[in-house]
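Participant:
Number of protein chains: 2
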Amino acid sequence: MAAIPLMLDLKNKKAVVVGGGKIAERRVRTLLSSEADIKVISPALTSSLTTLYQDGKLDWHEKSFSAEDLQNAFLIVAATNDSEVNRAIIESAPQNVLLNSVEDAAAGNIQFPTQFSRGKLSISVSTNGSSPILAAKIKRDLAVQYDEKYEDYLDFLFEARQLIKRSSLSTEKKKQWLRRLVDEDHFHPEDQEFVLEQLNNIQ
Amino acid sequence: MAAIPLMLDLKNKKAVVVGGGKIAERRVRTLLSSEADIKVISPALTSSLTTLYQDGKLDWHEKSFSAEDLQNAFLIVAATNDSEVNRAIIESAPQNVLLNSVEDAAAGNIQFPTQFSRGKLSISVSTNGSSPILAAKIKRDLAVQYDEKYEDYLDFLFEARQLIKRSSLSTEKKKQWLRRLVDEDHFHPEDQEFVLEQLNNIQ
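These protein sequence lines are chains R and L, in that order.
Each residue of the first sequence is one higher than the one before, starting from 1 at the first, in this note's numbering.
Each residue of the second sequence is one higher than the one before, starting from 1001 at the first, in this note's numbering.
This is the structure:
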């Protein structure tokens, strides 16, 4: 599997998760963060999944898997604890659908990398199956290095970038501003406010 | 766009890239690394794309875009320098296809994060449009931190993991080995050989 990293927007896309255990739960949380329209197929759910269902965050079909469950799916997760069922899901999946096979990654075409977010900043790590433990370790190290202050920092950069793009500055000046913005490490709120004020003045 | 990171395997999947300029070229290189079956639609190509075409790495339709070009596509990249054509591509794209819109990211459902690889290790950074310059800076910093030695290290971890999984060790022992493998930082080739020898002996 020679996989490439992508950012995928699942807003209003139909995702079918087959399985109601711990791994299914983790996948559901990831898919929810991208506002997918989620259907879970499973005779039983973890208590967290049950809560999500009760809160109307997902659709639950309280049943065993059958091929019709995959109709119109944009993305499928095969995450039951039964190898035979997982194989049936893979065999029933339409050809061009996004398919995550938890038991045997190579049988699917997508994998969920280890990742963390700081607001708009997202860093993800994949070892392509070499070592999930190393991926988790690298992620932990990076989450310390790129800590909570990046959340506000990214919001600031986003706002400043919109102001720069909308301004009447020349293309060259815009580029200079965008570069300076990052070079100058504006991590302090007061500092950020000062820059935004400057940018508001040059509109 | 609330996008989530994914690893996508494009092996034998049909990718249509509309446009033949610098950005199209960058996308083609990324798609090639995942062994996609690539068709480029453009009246002209950059010299690098021309070379890739001559080397049989991609299929080139020397023409302007028309809706039929998207037939059976699994993934589409809209990367022409003409806003009207880019809009036409987006409008012609089938509903459930993966679509990267270079000019207006929000019009598509996938984006290509900034990323680097060290063999099987892949780290990717996205700022969800807040600051491509910051993403590039973080990537540069991480590429220094996770340097070339990770390439062999990941190959070693992969091989060791296969040996552990295939061994007759108990589940508990296997877990211990997998954890130790990472905790002990085996970056030196001799060290790696020694561990693999140990593992071969316990098969």
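Note that the Cβ used here is the ideal one computed from N, Cα and C, for glycine as well.
A quick note: this is a predicted structure, and the numbers were derived from the prediction, not measured.
(1) Mind reading off the beta-carbon distance from L/T1078 to L/V1102? Whole number of angstroms is fine, and I expect it under 8 Å.
(2) How long is the line joining the alpha carbons of L/T1046 and R/S64, rounded to whole angstroms?
(3) According to DSSP, which residues form a beta bridge with L/A1003?
(4) Under 7 Å Cβ to Cβ from R/W60, same chain only, skipping five residues before and after it: list those, please.
(5) Count the C-beta pairs between the region 126 to 145 of chain R and the region 1146 to 1162 of chain L that are closer than 8 Å, then say yes if the count reaches three, no if not.
(6) Counting only Cβ-Cβ distances shorter than 8 Å, please list the residues of the region 1115 to 1143 of chain L near chain R, keeping chain order.
(7) Report the option in L/E1062, L/S1042, L/F1112 whose CA atom is closest to the CA atom of L/V1085.
(8) With 8 Å as the limit, tell me which residues of the region 1030 to 1053 of chain L have their beta carbon closer than that to any beta carbon of chain R; keep them in chain order.
(9) Roughly how many whole angstroms lie between the Cα atoms of R/Y146 and R/R118?
(10) Please classify R/Q71: is it buried, with 16 or more other beta-carbons within 10 angstroms of its beta-carbon, or exposed?
(11) Closest to R/S124 by C-alpha separation, out of R/A36, R/K165, R/T30, would be which residue?
(12) Using 8 Å for Cβ pairs, my map puts R/L99 next to R/I110. What's the rounded Cβ distance?
(13) Can you list, in chain order, the residues of its chain with a C-beta nearer than 7 Å to that of R/V28? Leave out the 5 residues immediately preceding and following it.
(14) Is the separation between the beta-carbon of R/A88 and that of L/L1008 shorter than 8 Å?
(15) If distances are taken between C-alpha atoms only, which option among R/L32, R/A73, R/A36 comes closest to R/V97?
(16) Buried or exposed for L/K1165, going by 16 or more other Cβ atoms inside 10 Å?
(17) How would you label R/E25, buried or exposed, when you count the other beta carbons within 10 angstroms and need 16 or more for buried?
(18) My output table needs one value for R/N96: the three-state DSSP class, helix, strand or coil.
(19) Mind listing which residues of the region 65 to 76 of chain R have their C-beta closer than 7 Å to chain L's C-betas, in chain order?
(20) Which runs of the alpha helix (DSSP H) fall wholly inside the region 1152 to 1190 of chain L and span at least 4 residues, in chain order?
(21) Output the distance between the C-alpha atoms of R/E91 and R/A105, rounded to the nearest integer angstrom.
(22) Please check if any C-beta of chain R sits within less than 8 Å of the C-beta of L/I1004.
(23) Per DSSP, what kind of secondary structure is L/F1194 in: helix, strand or coil?
(24) Counting contacts by CB-CB distance shorter than 8 Å, is L/D1185 in contact with chain R?
(25) How close, in whole Å, do the beta carbons of R/S126 and R/A135 come, if the pair is a contact with beta carbons under 8 Å?
(26) For the region 154 to 178 of chain R, which residues have a CB atom closer than 8 Å to at least one CB atom of chain L, in sequence order?
(27) Pull up the distance between the alpha-carbon of L/D1152 and that of R/E172, whole angstroms please.
(28) Hey, could you find the ends of the beta strand (DSSP E) L/L1133 is sitting in?
(29) Please decide whether R/N86 counts as near chain L, where near means a Cβ-Cβ distance under 8 Å.
(30) Sorry if obvious, but does the Cβ on R/R87 come closer than 7 Å to a heavy atom of the ligand GTP?
(31) Counting only Cβ pairs nearer than 7 Å, list the residues of chain R close to L/F1112.
(32) Is it the case that the Cβ atoms of L/T1114 and L/K1139 are separated by a distance below 8 Å?
Facilitator: Let's see:
(1) Looking up residue 1078 of chain L in the second sequence gives position 78. Looking up residue 1102 of chain L in the second sequence gives position 102. It should be pointed out that residue 1078 of chain L corresponds to Ala in this sequence rather than to Thr. That pair is a contact at about 6 Å.
(2) Here residue 1046 of chain L refers to the residue found at position 46 of the second sequence. Here residue 64 of chain R refers to the residue found at position 64 of the first sequence. Cα to Cα, the separation comes out at about 52 Å.
(3) As a first step, residue 1003 of chain L is located in the second sequence; it is residue number 3 there, counting from the start. Answer is R/D9.
(4) Position 60 of the first sequence, counted from the first residue, corresponds to residue 60 of chain R. Closer than 7 Å at the Cβ level, and outside the excluded window around R/W60, lie V40, L45, Y53.
(5) yes
(6) Q1115, K1120, L1121, S1122, I1123, S1124, V1125, S1126, T1127, N1128, G1129, S1130, S1131, I1133, L1134, K1137, I1138, L1142
(7) As a first step, residue 1085 of chain L must be located in the second sequence, where it is residue number 85. With distances taken between Cα atoms, L/V1085 lies closest to L/S1042.
(8) T1030, L1031, S1033, S1034, E1035
(9) The residue labelled residue 146 of chain R in the question sits at position 146 within the first sequence. The residue labelled residue 118 of chain R in the question sits at position 118 within the first sequence. R/Y146 and R/R118: Cα-Cα distance of roughly 8 Å.
(10) Counting from 1 along the first sequence, the entry for residue 71 of chain R is found at position 71. By the 10 Å Cβ count, R/Q71 comes out exposed.
(11) Locating residue 124 of chain R in the first sequence gives position 124, where the first residue counts as 1. Checked all of R/A36, R/K165, R/T30; the closest Cα to R/S124 is R/T30.
(12) For the purposes of this step, residue 99 of chain R is taken as residue 99 along the first sequence, with counting starting at 1. For the purposes of this step, residue 110 of chain R is taken as residue 110 along the first sequence, with counting starting at 1. With 8 Å as the limit, R/L99 and R/I110 qualify as a contact, their Cβ atoms being about 7 Å apart.
(13) As a first step, residue 28 of chain R is located in the first sequence; it is residue number 28 there, counting from the start. Within the same chain, R/V28 has close Cβ partners V17, I38, V40, L49, L52, L58.
(14) In the first sequence, counting from the first residue as 1, residue 88 of chain R sits at position 88. In the second sequence, counting from the first residue as 1, residue 1008 of chain L sits at position 8. Result no, Cβ atoms of R/A88 and L/L1008 do not sit closer than 8 Å.
(15) If you number the first sequence from 1, residue 97 of chain R lands on position 97. When each option's Cα is compared against that of R/V97, the closest is R/A73.
(16) Taking the second sequence and counting its residues from 1, the one referred to as residue 1165 of chain L is at position 165. With fewer than 16 Cβ atoms within 10 Å of its Cβ, L/K1165 is classed as exposed.
(17) Along the first sequence, read from residue 1 onward, the residue named residue 25 of chain R stands at position 25. Buried, because 16 or more other Cβ atoms sit within 10 Å of the Cβ of R/E25.
(18) Residue mapping note: residue 96 of chain R aligns to position 96 of the first sequence, counting from 1. Three-state DSSP puts R/N96 in coil, outside helix and strand.
(19) F74
(20) 1171 to 1183
(21) As a position in the first sequence, residue 91 of chain R is number 91, starting the count at 1. As a position in the first sequence, residue 105 of chain R is number 105, starting the count at 1. Each residue's alpha carbon lies about 14 Å from the other.
(22) The sequence position of residue 1004 of chain L within the second sequence is 4, counting from 1. So, interface residue.
(23) Along the second sequence, one-based indexing puts residue 1194 of chain L at 194. Helix.
(24) Working through the second sequence from its first residue, we reach residue 1185 of chain L at position 185. Answer no: the Cβ-Cβ gap between L/D1185 and chain R never drops below 8 Å.
(25) Taking the first sequence and counting its residues from 1, the one referred to as residue 126 of chain R is at position 126. Taking the first sequence and counting its residues from 1, the one referred to as residue 135 of chain R is at position 135. At roughly 6 Å, the Cβ-Cβ gap stays under 8 Å, so R/S126 and R/A135 are in contact.
(26) L154, D155, L157, F158, R161, L178
(27) Against the second sequence, residue 1152 of chain L aligns to sequence position 152. Against the first sequence, residue 172 of chain R aligns to sequence position 172. Between L/D1152 and R/E172, the C-alpha separation is close to 43 Å.
(28) Working through the second sequence from its first residue, we reach residue 1133 of chain L at position 133. The residue asked about is misnamed: residue 1133 of chain L is Ile in this sequence, not Leu. Careful: L/I1133 lies outside any beta strand (DSSP E), inside the alpha helix (DSSP H) at 1132 to 1145.
(29) By one-based count along the first sequence, residue 86 of chain R stands at place 86. So, not an interface residue.
(30) Absence of the ligand GTP is noted for the structure shown, with no ligands found whatsoever.
(31) Along the second sequence, one-based indexing puts residue 1112 of chain L at 112. By Cβ distance, chain R contributes L6.
(32) Reading the second sequence from its first residue, position 114 is the one you call residue 1114 of chain L. Reading the second sequence from its first residue, position 139 is the one you call residue 1139 of chain L. Taking 8 Å as the Cβ cut-off, L/T1114 and L/K1139 qualify as a contacting pair.
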